[in-house]
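Chains as they are written, first to last, in our numbering: chain A, 572 to 874; chain B, 2 to 279.
Here a beta-carbon is modelled for each residue, glycine too, at the ideal position from N, C-alpha and C.
Working notes, beginning with the structure itself.
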Amino acid sequence: MRITEQQPGVNKRFIDPASVSKRMDGRKITNSVFKTLFFMATLVALLVLGILFYRILSQGIGFLSADFFQNFASRFPEKAGIKAALVGSLWLMAVVAPVSMFHGIGTAIYLEEYAKKNRVNDFIRMNISNLAGVPSVVFGLLGLTIFVRALALGNSILAAGFTMSLLILPVIIVAAQEAIRAVPQHVREASYGMGATKWQTIVRVVLPSAIPGILTGSILALSRAVGETAPLIVIGVPVIIQFLPSGVMDTFTALPMQIYDWAKRPQADFQKVASAGIIVLMAFLLLMNSIAVLIRNKFQKRY
Amino acid sequence: MVQLMNRTDKETQAAVSPVEAPIRETAKPVVYDTKQLNLWYGSHHALKNIDLPIRENEVTAIIGPSGCGKSTYIKTLNRMVELVDGVRTSGEILYRGRNIFDAKYSVEELRTRVGMVFQKPNPFPKSIYDNIAYGPRIHGIKNKKILDEIVEQSLRGAAIWDEVKDRLSTNAYSLSGGQQQRICIARALAIEPDVILMDEPTSALDPISTLKVEELVQELKENYSIIIVTHNMQQAARISDKTAFFLNGEVIEFDDTNKIFQNPADQRTEDYISGRFG
Chain A
572 MRITEQQPGV
582 NKRFIDPASV
592 SKRMDGRKIT
602 NSVFKTLFFM
612 ATLVALLVLG
622 ILFYRILSQG
632 IGFLSADFFQ
642 NFASRFPEKA
652 GIKAALVGSL
662 WLMAVVAPVS
672 MFHGIGTAIY
682 LEEYAKKNRV
692 NDFIRMNISN
702 LAGVPSVVFG
712 LLGLTIFVRA
722 LALGNSILAA
732 GFTMSLLILP
742 VIIVAAQEAI
752 RAVPQHVREA
762 SYGMGATKWQ
772 TIVRVVLPSA
782 IPGILTGSIL
792 ALSRAVGETA
802 PLIVIGVPVI
812 IQFLPSGVMD
822 TFTALPMQIY
832 DWAKRPQADF
842 QKVASAGIIV
852 LMAFLLLMNS
862 IAVLIRNKFQ
872 KRY
Chain B
2 MVQLMNRTDK
12 ETQAAVSPVE
22 APIRETAKPV
32 VYDTKQLNLW
42 YGSHHALKNI
52 DLPIRENEVT
62 AIIGPSGCGK
72 STYIKTLNRM
82 VELVDGVRTS
92 GEILYRGRNI
102 FDAKYSVEEL
112 RTRVGMVFQK
122 PNPFPKSIYD
132 NIAYGPRIHG
142 IKNKKILDEI
152 VEQSLRGAAI
162 WDEVKDRLST
172 NAYSLSGGQQ
182 QRICIARALA
192 IEPDVILMDE
202 PTSALDPIST
212 LKVEELVQEL
222 KENYSIIIVT
232 HNMQQAARIS
242 DKTAFFLNGE
252 VIEFDDTNKI
262 FQNPADQRTE
272 DYISGRFG
């Protein structure tokens, strides 16, 4: 490498154009190698998803009929229906949505707007994030101990709903906290500067801006609750139900439970019924996620 | 007041040089009286023994280099500084004779009497109308007719009515930065304040918008007492009646703006206004 001779009054040059262009090719190759590598990684995920979709659709589409939605569970694959599970899942949502959203958003507002920054609150914040990583079966055991046994709610919709609410609560809290934190401090100051109380500022300034983010996070968390199976198994939710629940104290079954039951039966045709059930569950989830995206796009505020 | 006038009359007669008329001659009642104010952010002593009497219907400019405590001081006047964790104060600030640090003094009440305009225009992401009506609404005014009148009067007061009267329902964010800042001034006027605090209100604006805001300040002082923090010394010289020079958390000099800029008593003030530092 040759460094140009230093002249008086001229800066010494350290970057030699010749060696820069010599290395250029190698740098570009490294760049494209990694680009290809990361594209392949994406492809693997897409491929798996594609195979899954194909298998399930090809197996289950034949069993998707009007009868499938109107029948209860049955010993005969051709008579088996998803009515009880679908209605059960809707009932579950009817409990989980209000319970988890009220507690989740309330906690987030308290932590972000009211709580002072001190060690105790930092500890709480950190633990809520950790709670989001606790396996769902552990929440199932918690629900079994507290709601099913101690509060004697049995394997009712209420007990399962409370358990599921606990499971997704950390996710909702974290999502709501992030949405609230994204509201710029200067609009809060503007509100306080006019003599607004904290509550007025939260209701009139913070929440209107944060609500799209809060709802998006909540709906995504709810769709997790729709698909969870482990807590329901631990609580002892039955799979064969020949009636629709008439209240939150009734027992019920849910989509993932029903699918799990069909999938473990020996008859080959039940595998196809399970696939049909999965299609219904995925349509359910897709619908919820679309609503979340819609809300985010429609109400997003830009500062 | 009468007593004060009598005394100043005597002083005027006794003055050696009648060319420089003493400021006390026209002294107006004190709105904000700061006495031995100290403020700490954690262990950082940000304001040191501030004594500052601020008078009615005047524009008081606060100047000083970055980090001198001028923004902290103005935010202390409506206790916005308390939004920062770990702030401690000692001493007192009397607003219309009452100590604002008094436990019984509610900050909401104080901030209703003392409007604030911030450094960066900070309208709400709502319509122009809702921005102006925000203050009256939080204080319980629901009547649409009254709100309409307040909105018009405030926008006129902030000299922006003609520019926005046909689009009151559009989002305030669609306006230019200078217009947004005047919307924020109008929003402060809508709570019918006694004092308006302005924290570098033109620092984010272009020269023409700055000029408009400066003209507006001149008009507003007829009805309001204005305290304005500014980085811009020419601005302080142009629009203020009194100027306080802050340095390292202390008030170095507080006097008539003319006096500060033409004949400062302290060497540090002179160095600062002549651009030797800061």
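{"Asked": "Any chain B beta carbon closer than 7 Å to G784 of chain A", "Found": "no"}
{"Asked": "Partners in chain A for R1 of chain B, counting only beta-carbon separations shorter than 9 Å", "Found": "Missing from the structure shown is residue 1 of chain B; chain B here goes from 2 to 279 and no further."}
{"Asked": "For F647 of chain A, the first and last residue of its enclosing beta strand (DSSP E)", "Found": "F647 of chain A -> no beta strand (DSSP E), and no H or E assigned at all."}
{"Asked": "L169 of chain B - DSSP class collapsed to helix/strand/coil", "Found": "coil"}
{"Asked": "Alpha carbon of S592 of chain A to alpha carbon of L198 of chain B, nearest angstrom", "Found": "59 Å"}
{"Asked": "Cβ distance (whole Å) where K222 of chain B is taken to contact E59 of chain B below 8 Å", "Found": "7 Å"}
{"Asked": "Given V666 of chain A as reference, the closest of A:F605, A:Q829, A:L857, A:A796 once Cα atoms are compared", "Found": "A:A796"}
{"Asked": "7 Å Cβ cutoff, G136 of chain B in contact with chain A", "Found": "yes"}
{"Asked": "Under the three-state DSSP convention, the category L617 of chain A falls into", "Found": "helix"}
{"Asked": "Where the beta strand (DSSP E) through F585 of chain A begins and ends", "Found": "Careful: F585 of chain A lies outside any beta strand (DSSP E) and carries neither H nor E."}
{"Asked": "Buried/exposed call for T525 of chain A, threshold 16 Cβ in 10 Å", "Found": "Chain A is shown from 572 up to 874; residue 525 of chain A falls before or after that span and cannot be answered."}
{"Asked": "Nearest neighbour of L793 of chain A, chosen from A:Q748, A:P783, A:V705, A:V670 [CA to CA]", "Found": "A:V670"}
{"Asked": "Uninterrupted alpha helix (DSSP H) stretches inside the region 98 to 142 of chain B (no shorter than 4 residues)", "Found": "108 to 114, 129 to 139"}
{"Asked": "Residue-level contact to chain B via CB, K593 of chain A, 7 Å cutoff", "Found": "no"}
{"Asked": "Opening and closing residue of the beta strand (DSSP E) in which D821 of chain A lies", "Found": "Per DSSP, D821 of chain A belongs to no beta strand (DSSP E) and is neither H nor E."}
{"Asked": "Residues within the region 673 to 697 of chain A neighbouring chain B, beta-carbon criterion of under 8 Å", "Found": "K687, K688"}
{"Asked": "Residue closest to R752 of chain A, alpha-carbon to alpha-carbon, out of A:P706, A:F694, A:Y685", "Found": "A:Y685"}
{"Asked": "Segment contact, 8 Å Cβ cut-off, at least three pairs: the region 802 to 810 of chain A with the region 740 to 760 of chain A", "Found": "no"}
{"Asked": "Integer-rounded CB distance, given that A189 of chain B should sit under 8 Å from G116 of chain B", "Found": "3 Å"}
{"Asked": "Start-end ranges of the alpha helix (DSSP H) lying completely within the region 165 to 253 of chain B, minimum 4 residues", "Found": "178 to 190, 208 to 221, 234 to 240"}
{"Asked": "Residue-level contact to chain A via CB, T13 of chain B, 7 Å cutoff", "Found": "For T13 of chain B, the predicted model reports a pLDDT of 44, less than 50, meaning its position is unreliable; a value from the coordinates is still stated below. Cβ-Cβ to chain A under 7 Å: no for T13 of chain B."}
{"Asked": "Bridge-paired residues (DSSP) for T35 of chain B", "Found": "B:L53, B:I94"}
{"Asked": "Cβ-based neighbour list, T231 of chain B, same chain, cut-off 7 Å, excluding 5 preceding and 5 following", "Found": "A62, I64, E201, A237"}
{"Asked": "Within chain B, partners of V758 of chain A - CB distance below 9 Å", "Found": "N123, P124, F125, P126"}
{"Asked": "DSSP-derived helix/strand/coil call for D267 of chain B", "Found": "coil"}
{"Asked": "Rounded C-alpha distance that separates G179 of chain B from E164 of chain B", "Found": "12 Å"}
{"Asked": "DSSP three-state assignment for R690 of chain A, whether helix, strand or coil", "Found": "helix"}
{"Asked": "7 Å Cβ cutoff met for K843 of chain A and Q630 of chain A", "Found": "yes"}
{"Asked": "Three-state secondary structure (DSSP) of D256 of chain B", "Found": "strand"}
{"Asked": "Backbone CA spacing between Q14 of chain B and M234 of chain B [nearest angstrom]", "Found": "Summary for Q14 of chain B: the model assigns pLDDT 44, below 50, so the residue's position carries little reliability, and this model does not support an answer."}
{"Asked": "C-beta neighbour in chain B for Q875 of chain A, strict 7 Å", "Found": "Residue 875 of chain A cannot be examined here, being either before or after the span of chain A that is shown, 572 to 874."}
{"Asked": "7 Å Cβ cutoff met for V758 of chain A and F125 of chain B", "Found": "yes"}
{"Asked": "Inter-residue Cα distance where the pair is G711 of chain A and T734 of chain A", "Found": "7 Å"}
{"Asked": "Partner residues on chain B for V776 of chain A, Cβ-Cβ distance less than 7 Å", "Found": "F125"}
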